[in-house]
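Asks: When the letters of the sequence shown are read in order and numbered with the working numbering, they come out as residues 116 to 206.
Cβ atoms here follow ideal geometry from the backbone N, Cα and C, with glycine treated the same way.
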Amino acid sequence: MLRNMKKKKTAKRKTPAGASKVPDWVLDDSPAPNKPVTKPDLDELAAGVEAGIRDTPAWKQLVRRVGAKEAARILKVAVFSRHAIRPEPNN
């Protein structure tokens, strides 16, 4: 019964001219780190985030409410928790 069935010919799809080329911005990405985040790494991440949000009303209000040291600590906890929640890239 199956011997009499013919294989259907499938049309070969042509890929667009630029579809197979990987964009340069993908090739420039560095590989995901395989090491755990250290305290200096966390401090650097938090400092960068703080520098980016320092002039926002939300950051100024937080500093007024809890002080600069506590605001920086809250930011570090938030940065660490966000980084720690991400699954490992190889899992």
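Which runs of the alpha helix (DSSP H) at least 4 residues long sit entirely within the segment 145 to 189? Give them in chain order.
Replies: 154 to 168, 172 to 181
Asks: Is alanine 193 buried or exposed, if buried means 16 or more other CB atoms sit within 10 Å of its CB?
Replies: Label assigned to alanine 193: exposed.
Asks: Tell me whether lysine 191 sits in a helix, a strand or coil according to DSSP, three-state version.
Replies: Helix at lysine 191.
Asks: Count the CB pairs spanning the segment 180 to 193 and the segment 148 to 165 that are closer than 8 Å, and state whether there are at least three.
Replies: yes
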